[in-house]
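I have placed the structure first, in the form of structure tokens, so that the comments after it can refer back to it.
2 protein chains.
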Amino acid sequence: MTDRLPPLTALRAFDAAARHMSFAKAAAELNITPAALSFQIKSLEEHLGQPVFRRLNRAVELTEAGRTLAPGAADGFATLTTAWRNTRRLQDNTTLTVTAGPAFTAKWLAPRLYDFAQDHPEIELRLSASLRIMDFTRDEIDVAIRFGYGPDDGLFSQRLADEWMTPVMTPELAKQVKTPLDLAEITLLHDDSIRFLKPSCDWAAWFKAVDVNVDSSHGPRFSQADHAIDAALTGTGAVLARISLSHKELYDGRLVAPFATALTTKAHFRFICPKGAETRPQIKAFLVWIMKEAEKTRSFEEGRNFIASEDIQG
Amino acid sequence: MTDRLPPLTALRAFDAAARHMSFAKAAAELNITPAALSFQIKSLEEHLGQPVFRRLNRAVELTEAGRTLAPGAADGFATLTTAWRNTRRLQDNTTLTVTAGPAFTAKWLAPRLYDFAQDHPEIELRLSASLRIMDFTRDEIDVAIRFGYGPDDGLFSQRLADEWMTPVMTPELAKQVKTPLDLAEITLLHDDSIRFLKPSCDWAAWFKAVDVNVDSSHGPRFSQADHAIDAALTGTGAVLARISLSHKELYDGRLVAPFATALTTKAHFRFICPKGAETRPQIKAFLVWIMKEAEKTRSFEEGRNFIASEDIQG
DNA sequence: CATTTCACATAAGTATAACTTAACTCATGC
DNA sequence: GCATGAGTTAAGTTATACTTATGTGAAATG
């Protein structure tokens, strides 16, 4: 009565047979003859002490034991296959898969993609926009860009930029807005994507920071930061925008940030990859490039009156 | 550049070596000589195209490739081992592991355990009380008893008893309670564990059913049904109890249900096991026994005035 | 109703992967 | 300076995995 695993080839043969529900197809998948596969199954059944397949005339069906074993076997081999493929992928220094949130992808990465391609024509950059936390072991991801607090234990983590927020709008709209109080007369766009931040960084906090009393509860709300900025780009209203996401638009002059007062947050963007992976050529190249780009964002910090969001509520 | 798996024995050798961080210990685990294990690792590295271990003088450490592969390999083999063990367990007809919620375990299964042991001394029954939905493939569970709506697709499912609810209390307390209105004078105990039921089955619903106006918002609240019943057993107050959980106490006379009006729900208790497993001797015996016991509960249905909870709100 | 066909089982033999024993390397520690 | 510990390598053996060839039984075919 050993609980140790049976011969692994037999288990793999069973997995293939159970997935195809056919010995012949399973044998084809494994590049062996049906006879060999038949023996493997038989061997497995001897180890188990009972059959896993019921042999019908022109088909096979799983016994209860087979049904018990099949899902776990499929799952186990799928895990092994994925891990193996991801390990092999390390040798591929021509592609780099980066995951980031939809907003950062749209407003930060995508506009700079061309720059990166110019600097590193040998690297094929793939973007995977998702809020889901990716698993480097399971998903085919090399690098993640994440916004929040950290720390990321067991991973290589590099702080890219502190985040701060200030009202932005189109230059046309800005003509109507000379003082913070004037914001009460125009539409306020709300970015709900950062509601998870502990000292909240919304319009209410900003108005407190400039010490004016404006009801900021009205106006459209956006669950994704980039949509709020897109709305502001149409001239609809002003949005309290994260600098990292609006930097490109500010630089190009399509948006302006007329007020010096900015809210700082403890959250920041981080570059994350598995420990040790930061030395792989394409990851190193990407890190160097993104750090350089993040540094450029600092130009807008000049002349700002920074107020920490955590100092406001007290 | 094949993405097919390397020799599985080599992968398993790597898994053991990575877990122990020692070739010698890994070899001991696999009952092979260190030399054999060394070859396995070498073979894996040849298949991969790069080393997975860095050989130091008196130790080994994982390379980046090794670190990428190790978690997936460990996970994969753990899955396979679990699946295999669970399949082997099918041949064990002497134990039976049943999972149910804490309340059902405490108030229904536990008091009847002795009966089952009397009927089936050859079966060792194990109870696993947990609200967590168990996975028959992963956890060492044969049978689950679940309360709710179903359906349970892909599983064998047998409805055990419809659930209905009526006020219960100690006989002493019941002397003070002649009409539903009298309930306003005593403490009402609230069972919050069934708040997930769609037409709610709380005191408010029951008072509506008997058409009296009593404020039922006060009184202690219990997140677990058995705790509410335990409180009622001390004479603290009355609880709107699920019949299945209070049946034993009603039968023994420690609680009474003075009112005919009862709320029926669409939820019910179900016996669940993997499809086909219902024919295994100990599972079949348990099913027959639990059905018989559930049938006994029906004796309290006589003379009740059943009102469906979904008819009340309208 | 005989015949073909399909899907798997079995027998016998072979290739190869897995393993063992034994000798080797090379730093570490007493 | 010699034993020790951890891993490597070489040579040879065993057992596993696989192949070819043939067998079986029931369903499909015409």
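Just so you know, the protein sequences line up as chains A and B, in that order.
Using full-length UniProt numbering, the first residue of the first sequence is number 1, and each one after it goes up by one.
Using full-length UniProt numbering, the first residue of the second sequence is number 1, and each one after it goes up by one.
Ideal Cβ placement from N, Cα and C applies to all residues, glycine included.
Exercise. Are the Cβ atoms of Ala238 (chain B) and Ile186 (chain B) separated by less than 8 Å?
Worked result: Pairing Ala238 (chain B) with Ile186 (chain B) gives a Cβ-Cβ distance under 8 Å.
Exercise. Listing by chain order, which chain A residues have their CB less than 7 Å from the CB of Gln91 (chain B)?
Worked result: Result: Gly49, Gln50.
For this session: Show which residues of chain A have a CB atom less than 7 Å away from the CB atom of Leu11 (chain B).
Result: Residues of chain A passing the Cβ test: Leu80.
For this session: Could you name the residues of the same chain whose beta carbon sits closer than 6 Å to that of Met165 (chain A), not counting the 5 residues immediately before and after it, in chain order?
Result: Non-local C-beta neighbours of Met165 (chain A) in its own chain, meaning closer than 6 Å and more than five positions away in sequence, comprise Cys201, Leu240, Arg242, Leu263, ordered along the chain.
Exercise. Of all the CB atoms in chain B, is at least one closer than 8 Å to the CB of Glu64 (chain A)?
Worked result: For Glu64 (chain A), at least one C-beta of chain B is nearer than 8 Å to its own C-beta.
Exercise. Among residues of its own chain, excluding the 5 on either side of Leu294 (chain B), which ones have a beta-carbon nearer than 6 Å to its beta-carbon?
Worked result: Correcting the residue identity first, residue 294 (chain B) is Ala in this sequence and not Leu. The answer, listed in chain order, is Leu160, Ala161.
Problem set entry | CA-to-CA distance, Arg126 (chain B) to Ala260 (chain B), given in whole angstroms | Between Ala260 (chain B) and Arg126 (chain B), the C-alpha separation is close to 37 Å.
Problem set entry | Whole-angstrom distance between Thr137 (chain A) and Asp152 (chain A), CA atom to CA atom | So the alpha carbons of these two residues sit roughly 15 Å apart.
Exercise. From which residue to which residue does the beta strand (DSSP E) around His190 (chain B) run?
Worked result: Boundaries of the beta strand (DSSP E) harbouring His190 (chain B): 188-191, taken from the DSSP string.
For this session: Using a cut-off of 9 Å between C-beta atoms, extract the partners of Pro167 (chain A) located in chain B.
Result: Residues of chain B passing the Cβ test: none, with the nearest at roughly 43 Å.
For this session: Provide the residue span of the alpha helix (DSSP H) that contains Val288 (chain A), from first to last.
Result: In the DSSP assignment, Val288 (chain A) falls within the alpha helix (DSSP H) that extends over 281-296.
For this session: Starting from the beta carbon of Pro6 (chain B), find every residue of chain A whose beta carbon is closer than 8 Å, and list them in chain order.
Result: Here the neighbours are Trp84.
For this session: Report the three-state DSSP secondary structure of Lys208 (chain A) (helix, strand or coil).
Result: Note: Lys208 (chain A) maps to helix in three-state DSSP.
Exercise. Along chain B, in chain order, which residues have C-beta atoms closer than 7 Å to that of Leu127 (chain A)?
Worked result: Those do not exist, as Leu127 (chain A) stays about 21 Å from chain B at its closest Cβ, beyond 7 Å.
For this session: Under 7 Å between beta-carbons, which chain B residues line up against Leu56 (chain A)? List them in chain order, please.
Result: The contacting residues do not exist; Leu56 (chain A) stays about 16 Å from chain B at best.
For this session: Name the residue from A:Thr79, A:His47, A:Thr105 whose alpha carbon lies nearest to the alpha carbon of Ala74 (chain B).
Result: Nearest neighbour of Ala74 (chain B) by Cα position, chosen from A:Thr79, A:His47, A:Thr105, turns out to be A:Thr79.
Exercise. So, are the CB atoms of Trp108 (chain A) and Ser223 (chain A) less than 8 Å apart?
Worked result: No Cβ-Cβ contact shorter than 8 Å links Trp108 (chain A) with Ser223 (chain A).
Exercise. Beta-carbon of Phe23 (chain B) versus every beta-carbon of chain A: anything under 8 Å?
Worked result: No, Phe23 (chain B) lies away from the interface with chain A (no Cβ there is under 8 Å from its Cβ).
Exercise. What are the residues of the segment 97-131 of chain A that lie near chain B, defined by any Cβ-Cβ distance shorter than 8 Å?
Worked result: Cβ contacts with chain B: none found.
For this session: Reducing DSSP to helix, strand and coil, say where residue 327 (chain B) ends up.
Result: This structure gives no information on residue 327 (chain B), because the portion of chain B shown stretches from 1 to 314.
Problem set entry | Proximity test, Cβ basis, 8 Å: Ala26 (chain A) and chain B | Answer no: the Cβ-Cβ gap between Ala26 (chain A) and chain B never drops below 8 Å.
Exercise. Do Ala267 (chain A) and Gly148 (chain A) have their CB atoms nearer than 8 Å?
Worked result: In terms of Cβ geometry, Ala267 (chain A) and Gly148 (chain A) form a close pair [threshold 8 Å].
For this session: May I have the straight-line CA-CA distance separating Thr265 (chain B) from Val98 (chain B), to the nearest angstrom?
Result: Spanning the two alpha carbons is a distance of roughly 25 Å.
Exercise. Is the CB of Asp182 (chain A) under 8 Å away from at least one CB in chain B?
Worked result: Answer no: the Cβ-Cβ gap between Asp182 (chain A) and chain B never drops below 8 Å.
Problem set entry | Straight-line gap, residue 323 (chain A) to Phe286 (chain B) (C-alpha atoms, nearest Å) | As displayed, chain A neither begins before 1 nor continues past 314, which places residue 323 (chain A) out of reach and without an answer.
Exercise. In or out: Asp133 (chain B) buried (at least 16 other Cβ within 10 Å) or exposed?
Worked result: The sequence shown places Ile at residue 133 (chain B), not Asp. Classification for Ile133 (chain B): exposed.
Exercise. Out of curiosity, what's the CA-to-CA distance linking Met1 (chain B) and His20 (chain B)?
Worked result: Residue confidence for Met1 (chain B) is low, a pLDDT of 48 falling below 50, so the modelled location carries little weight and cannot support an answer.
Exercise. Helix, strand or coil for Arg270 (chain A) per DSSP?
Worked result: Reduced to three states, the DSSP call for Arg270 (chain A) is strand.
Exercise. Taking C-beta to C-beta, are Ala129 (chain A) and Gly66 (chain A) nearer than 8 Å?
Worked result: Taking 8 Å as the cut-off, the beta carbon of Ala129 (chain A) is found no closer than this to the beta carbon of Gly66 (chain A).
Exercise. Chain A beta carbons: is any one of them nearer than 8 Å to that of Asp192 (chain B)?
Worked result: Using a Cβ-Cβ cut-off of 8 Å, Asp192 (chain B) does not count as an interface residue toward chain A, since no Cβ of chain A sits closer than that to its own.
Problem set entry | Reference Ala35 (chain A), options A:Val52, A:Ala10, A:Gln50, A:Gly49, closest by Cα | That would be A:Ala10, whose Cα lies nearest to the Cα of Ala35 (chain A).
Exercise. Going by alpha carbons, who is nearest to residue 323 (chain A) out of B:Pro6, B:Ala13, B:Ser216?
Worked result: Absent from the model: residue 323 (chain A). The displayed extent of chain A is 1 to 314, so no value can be given.
Exercise. Less than 8 Å separating the beta-carbons of Val143 (chain A) and Leu181 (chain A)?
Worked result: 8 Å or more divides the Cβ of Val143 (chain A) from the Cβ of Leu181 (chain A).
Exercise. Can you list the residues of chain B that Thr95 (chain A) reaches, using a CB-CB cut of under 8 Å?
Worked result: What Thr95 (chain A) touches in chain B: nothing, since even the nearest Cβ is about 14 Å away.
For this session: Report the neighbours of Pro274 (chain B) on chain A: residues whose CB is nearer than 9 Å to its CB, in chain order.
Result: Chain A residues near Pro274 (chain B): Glu64, Arg67, Thr68.
Exercise. Name the chain B residues whose beta carbon is nearer than 7 Å to that of Asp3 (chain A)?
Worked result: By Cβ distance, chain B contributes Arg85, Arg88.
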